Structure formats: C-alpha cells, structure tokens
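Numbering (our numbering), first residue to last: 221 to 737.
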C-alpha cells in the first residue's frame with residue numbers, strides 16, 4: 221500500500237505527461253493550469269460533452285440556452301485561477317443583473333441585495349442597519365483579501381479570514397435571531413446561508429451567508445453571457461492553446477492503463493474513487509473515503525414562461541437570483557426536514573433569472589415551443605402585455621431529501637410552483653413548458669451528483685478537512701501519483717476551479733520541474 225508521494229525517478233527529456241479524468245470545471249481548470257505550465261495534458265471525459273454539470277443546453281429548442289447546473293457565479297467572477305488563466309481572452313464574458321439577489325416576503329416588500337452595502341442596509345430599521353454594517357463592513361472592505369484567503373489552500377491574508385471566522389462560526393439562525401430584530405434582515409442573511417445546503421441551525425452556516433452577501437454587495441453574482449457552458453469552453457480553449465487534448469466519450473474505470481503517465485488527476489467524488497480499479501489506496505485514505513457522507517439533494521425544474529415572472533414586488537424581476545424561502549423560521553423548518561429525509565411542504569427554492577442580465581438566453585421562435593401555440597394565440601388576440609411577448613427561461617431547484625423519489629409524478633414540481641406563486645400570484649398561468657429532473661435523473665446525467673447532491677458531499681468543515689488532494693498511486697506503478705480535483709475537497713463545491721488549481725499545484729510541487737517524461 222502507498223502512504224504518500226514517492227518522488228518520481230523519471231527524468232527524461234520532454235514534458236511531464238498528465239492524464240485528467242473528467243472534463244468538469246475542476247478537471248478542465250487543472251488541465252489548463254498544467255498545460256499553461258508546460259505539461260503534456262490529456263483530458264478524458266465519459267460523456268459526449270464537456271463541462272459536467274457546468275454546461276448549457278437547448279432544453280426548449282433551438283435558440284434557448286439553459287444551464288444544467290450552476291447558473292450564477294459569485295465565486296467564479298472572483299476566482300484567482302480564472303484570472304490567472306485570463307479566461308476573458310478566451311471568450312468568457314460576465315453579465316450582471318440589476319440586483320444580485322432578491323428575497324421576497326409575504327405581505328411585505330421584498331428584501332434586495334444590492335451591489336452596495338449602504339443601499340442594502342438602508343432597507344432595515346436603525347438597529348438592524350447598524351448590526352448589518354457591523355457584520356458585513358469589515359468583509360466588504362477587504363473582499364479581495366477575503367477571497368484570496370477562502371479559496372486557496374493557504375490563506376494569503378489570515379486577518380481577513382479571521383474576521384469571517386469570528387462571525388461565521390455561528391449557526392446562521394442563532395446569529396440572526398440574537399442580533400437582528402426585523403424579518404427582512406434575518407431572511408436576507410439566512411437565505412444566503414442556505415447555500416450551504418444544510419439547516420441554518422448548524423455551526424458554520426453563518427459564514428456562507430456573510431460571504432455570499434459580501435460578494436453580492438461588491439463584485440456581484442453575475443451570469444455568463446450565453447450560459448455557463450461558455451465558461452467551460454473558455455477553459456477548453458486555454459487547454460488547446462497550450463497543446464492539451466480533450467477526448468469525450470472516454471469512460472475510465474481502471475487506472476492501470478495510465479502507467480506511462482507521470483501523474484493522474486481525477487474529478488470523482490469519494491464513492492466513485494473507491495470503485496476505481498488500479499488505484500492503490502492507503503488504509504487510512506480508504507477509510508476516510510468510506511466515511512464520506514452525501515447530503516441534501518436538489519430537484520430541478522426549468523421553466524419557459526410568457527415573459528418575466530410577474531412577482532408581487534416588481535423589483536424582484538430585476539434580480540439574477542431569487543431566494544424563495546420565506547422567513548428565517550420557514551427556511552429552518554424546510555432545511556431541517558430535507559436533511560432528516562422528509563419532503564418539506566414548503567421547500568427552499570432557488571430561482572435564477574439569467575435572462576434579466578443576458579437577453580441571449582432565449583432567441584427562439586415562440587410559436588415553435590411546446591405549449592407555445594397557446595401563447596401565440598394569446599399574442600395574436602392582443603390579450604398579453606408587451607413585456608410578455610418574449611418568453612423567458614426560469615431556472616429553479618428545491619432542496620429535497622437525499623435520493624428522494626416522488627410519490628406521484630409532479631409532486632415536487634407542484635410544491636415548487638406553489639412556493640413561487642406565494643410571491644408571484646398567477647405564476648402557474650405563465651408557464652409555457654417545463655422540464656423536470658429528480659435527484660435520480662440528475663445522477664443519471666452526471667455520475668458525480670450522487671443522490672442528487674450537487675455539492676459532492678455534505679458541506680461541513682470537519683468532513684472536508686479530512687480530504688486531501690493526494691489520493692494514492694497506481695497499483696501497477698507506485699511512482700505515479702493520483703490526485704483529486706472535485707467539489708468534495710477544499711475549498712468545496714462551486715464553479716471557481718480552485719480544487720482543480722490545487723490539484724495542479726500538488727503535481728507541480730511534487731515534480732519541482734515539469735521537464736520529466
């Protein structure tokens with residue numbers, strides 16, 4: 221059994237040869253960094269497309285661009301490795317909505333996350349305004365340093381990270397109930413904390429809320445022009461520019477064939493790593509992988525609707541992301557039920573309105589989409605307002621129990637639509653067409669989404685700290701290291717590429733020089 225790196229004995233003329241298994245954002249980022257550094261990189265992807273969940277497809281026919289997975293990118297726009305790679309030079313373009321995020325409430329104005337601390341805080345009472353500023357201002361003022369401390373392995377600015385840690389170690393629910401008075405501020409913070417996909421009563425969830433909000437109030441939560449798939453294509457262009465190759469339709473179940481390579485990067489989650497043939501794991505590493513726990517799932521529904529959603533508070537239509545979760549208490553109940561294996565009656569629903577920032581998301585013929593015949597008839601009869609003449613794509617998912625199987629078709633979609641309708645009366649009547657994906661169907665589409673868990677595992681710090689980039693070696697050659705680049709390793713899930721950057725740095729540090737095989 222292997223227990224760590226054995227320095228390679230190979231010192232041939234030429235470049236280090238590295239195989240990357242998986243063409244999701246982390247695998248492609250690792251490949252791009254290695255290729256840019258001078259390695260000879262080959263990427264193998266089992267699907268017939270690149271991107272993993274970070275892809276965009278024409279779900280509603282030609283002219284539609286629907287994100288399969290990640291939709292808005294608060295971490296992508298500030299990713300140190302995306303800046304290092306210069307993705308804007310390879311076609312990546314960010315688009316910002318009027319507001320990063322909105323959180324509608326029943327019988328009250330929606331709470332808006334503005335790209336400005338002062339404007340955001342101005343919505344609250346005097347007491348909550350002071351508390352909001354106290355919690356967020358140190359993070360907002362040093363957001364660049366904060367990002368460069370949260371995403372890399374070794375924090376470059378420990379003080380900035382400490383400011384987040386002192387506030388973020390708390391459960392979001394406790395922090396808000398103790399310090400904030402009004403529901404508006406509480407809901408805005410707890411809703412962002414639910415990005416942890418854990419009950420906000422759990423320790424450390426406040427960090428998610430504070431960090432997501434601080435990014436929103438500074439660098440924003442943008443979308444990618446043309447869809448998230450364009451970010452993936454930019455990464456692929458970097459790889460190809462530096463001589464790397466990408467092969468799709470190439471499922472890798474056995475690593476034994478990579479004996480002639482200097483290193484292997486794999487993007488699988490722990491359960492899949494255990495199933496890989498030809499991987500030599502230490503006893504400690506194997507036990508750590510077996511102990512890995514997966515978390516709450518999502519149930520995804522994409523909607524084509526007849527124009528922008530007519531939210532009860534019209535300002536919500538200008539937000540790229542909408543947290544449909546109600547009050548802090550409602551979100552706590554829903555997340556606790558989902559984590560405990562119960563389907564919430566009112567689940568937390570994440571809604572993204574990419575088209576408000578990127579009008580190119582739907583340019584199709586409205587008369588050719590599914591139920592669009594009804595829409596066309598309404599348009600021809602002049603019974604619809606001008607702003608409804610262009611169909612809009614609405615991206616949504618609800619948090620549901622891990623691996624949840626519906627009791628009857630449409631069970632979860634019905635709950636999602638009921639939740640949205642609480643804040644957008646008449647929403648169901650706007651729906652032209654919908655596409656649903658259960659946790660099981662998500663896993664069928666991407667094997668990394670085990671049980672519908674989009675984070676690669678329960679996002680708790682103790683579990684993530686047990687993971688390391690180094691996995692093991694090839695059984696057939698203990699001098700070929702295998703490192704991982706997935707959301708199951710630090711700094712966690714999301715389209716920021718930093719797990720891929722870490723994997724690449726692990727390999728480059730090991731070699732010392734890339735002039736190997």
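Ideal placement from N, C-alpha and C gives every residue a C-beta, glycine not left out.
Being a predicted model, the structure only gives us computed values, none of them experimental.
>> Please state whether the Cβ-Cβ distance between residue 443 and residue 577 is less than 8 angstroms.
In response: yes
> Does DSSP classify residue 400 as helix, strand or coil?
Replying inline: coil
> Taking the alpha-carbon positions, what's the residue 708 to residue 631 distance?
Replying inline: 30 angstroms
>> Please state whether the Cβ-Cβ distance between residue 433 and residue 400 is less than 8 angstroms.
In response: For residue 433 and residue 400, no; Cβs fall outside 8 angstroms.
> If you draw a straight line from the C-alpha of residue 393 to the C-alpha of residue 515, how long is it?
Replying inline: 19 angstroms
>> For residue 522, report the span of its beta strand (DSSP E) as first-last.
In response: 517-525
> With burial defined as no fewer than 16 other Cβ atoms inside 10 Å of the residue's Cβ, what is the status of residue 309: buried or exposed?
Replying inline: exposed
> Between the beta-carbon of residue 421 and the beta-carbon of residue 666, is there less than 8 angstroms?
Replying inline: no
>> What residue range does the beta strand (DSSP E) around residue 704 cover?
In response: 697-704
> Where does residue 285 sit, in a helix, a strand or coil, going by DSSP?
Replying inline: Looking at residue 285 - three-state DSSP - the assignment turns out to be coil, as it is neither helix nor strand.
> residue 269 by DSSP, collapsed to three states: which one?
Replying inline: coil
> Any idea which residues DSSP pairs residue 654 with across the strands?
Replying inline: Answer is 523, bridged to residue 654.
> Roughly how many angstroms lie between the CA atoms of residue 311 and residue 454, to the nearest whole one?
Replying inline: 6 angstroms
> Secondary structure at residue 292, three-state DSSP: helix, strand or coil?
Replying inline: coil
> Are residue 582 and residue 283 close, meaning C-beta to C-beta below 8 angstroms?
Replying inline: Going by C-beta atoms, residue 582 is nearer than 8 angstroms to residue 283.
> With a CB to CB cut of under 7 angstroms and the five nearest residues on each side skipped, what residues in its chain are close to residue 481?
Replying inline: 237, 238, 239, 700
> Where does residue 560 sit, in a helix, a strand or coil, going by DSSP?
Replying inline: coil
> Rounded to whole angstroms, how far is the Cβ of residue 491 from the Cβ of residue 241, which I believe are closer than 8 angstroms?
Replying inline: About 15 angstroms; that fails the 8 angstroms criterion.
> Opposite residue 277 in the DSSP bridges: which residues?
Replying inline: DSSP output for residue 277 lists 286 as bridge partner(s).
>> Tell me whether the stretch 609-618 and the stretch 518-527 touch, counting them as touching only if at least three CB pairs, one residue from each stretch, are closer than 8 angstroms.
In response: yes
> Mind checking if residue 289 is an interface residue toward chain B, Cβ cutoff 8 angstroms exclusive?
Replying inline: Within the model displayed, chain B is absent; a lone protein chain is all it includes.
>> On a Cα-Cα basis, can you pick out the residue from 243, 473, 340, 257 that is closest to residue 235?
In response: 257
> So residue 292 packs on residue 441, CB below 8 angstroms; how close in whole Å?
Replying inline: 5 angstroms
>> Here's a check: name, in chain order, each residue in its chain whose Cβ is nearer than 7 angstroms to the Cβ of residue 646, leaving out the five neighbours to either side.
In response: 530
> DSSP state of residue 613, grouped into three classes?
Replying inline: In the structure shown, residue 613 sits in a strand (DSSP, three-state: E or B).
>> Which same chain residues end up closer than 7 angstroms to residue 717 when comparing Cβ atoms and leaving out the 5 residues on each side of it in sequence?
In response: Annotation for residue 717: 245, 246, 249, 299, 301, 302 place their beta carbon closer than 7 angstroms to its own, counting only its chain and skipping 5 residues before and after.
> For the stretch 619-627 against the stretch 562-574, are there 3 or more C-beta pairs whose distance is under 8 angstroms?
Replying inline: Contact annotation: the stretch 619-627 touches the stretch 562-574, with at least three C-beta pairs closer than 8 angstroms.
> Does the count of Cβ pairs from the stretch 451-468 and the stretch 262-277 closer than 8 angstroms reach three?
Replying inline: yes
> What residues match up with residue 331 in a beta bridge as DSSP calls it?
Replying inline: 323
> So is residue 628 buried or exposed if we call it buried at 16+ other beta carbons inside 10 Å?
Replying inline: exposed
> So the alpha helix (DSSP H) residue 632 belongs to, where does it begin and stop?
Replying inline: 631-643
>> Just to confirm my understanding: we take residue 289, look at its own chain, exclude 5 residues before and 5 after, and list those with CB closer than 6 angstroms. What are they?
In response: Hits under 6 angstroms: 273, 274.
> CB residue 297 to CB residue 439, shorter than 8 angstroms?
Replying inline: In this structure, residue 439 lies closer than 8 angstroms to residue 297 by Cβ.
> Less than 8 angstroms separating the beta-carbons of residue 493 and residue 509?
Replying inline: Residue 509 sits close to residue 493, with the two beta carbons spaced by under 8 angstroms.
> Who are the near neighbours of residue 513 in its chain, counting only those whose CB is closer than 6 angstroms to its CB and skipping five residues on each side?
Replying inline: 678
> Opposite residue 693 in the DSSP bridges: which residues?
Replying inline: 500, 701
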